[in-house]
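The structure under discussion appears below in the form of structure tokens.
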Amino acid sequence: MVEGGSVLTTDSYLKATDVDHALNELRFTISELSGGQFEKLTNPGLGITRFTQADINILNALPRTV
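When the count follows my numbering, it moves up by one through the sequence shown with no breaks and lands on 46 for the last residue.
So, in structure tokens, the structure goes:
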């Protein structure tokens, strides 16, 4: 990824499954990230540290370098 660029996080890159939980219950927590941030496409520019597999599946979690 180039500086200032972004890459869409799809389930090809990051995928969790669990037969006992819905996709919106499978949560990722980002910690100790440097040189970038995750953002939601619906709120660009605002860094997030938590998102769900459902966010990834609907293409709503985006890592961005800063």
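A virtual CB, placed ideally from N, CA and C, is assigned to each residue, including glycine.
Whole-angstrom distance between residue j and residue i, CA atom to CA atom
i	j	result
Thr32	Phe8	6 Å
Thr(-10)	Ala34	10 Å
His1	Val(-18)	36 Å
Leu26	Glu12	17 Å
Ala(-4)	Gly(-15)	25 Å
Phe18	Val(-1)	27 Å
Thr29	Gly16	11 Å
Asn23	Ser(-8)	22 Å
Val46	Leu(-6)	Low confidence applies to Val46: its pLDDT is 49, below 50, so where it sits in the model is not reliable, and the reading given next is rough at best. In a straight line, the C-alpha of Val46 is about 21 Å away from that of Leu(-6).
Proximity below 8 Å, CB of residue i to CB of residue j
i	j	result
Asn37	Leu3	yes
Leu39	Leu21	yes
Unbroken beta strand (DSSP E) run spanning residue i, endpoints
i	result
Asn23	23 to 28
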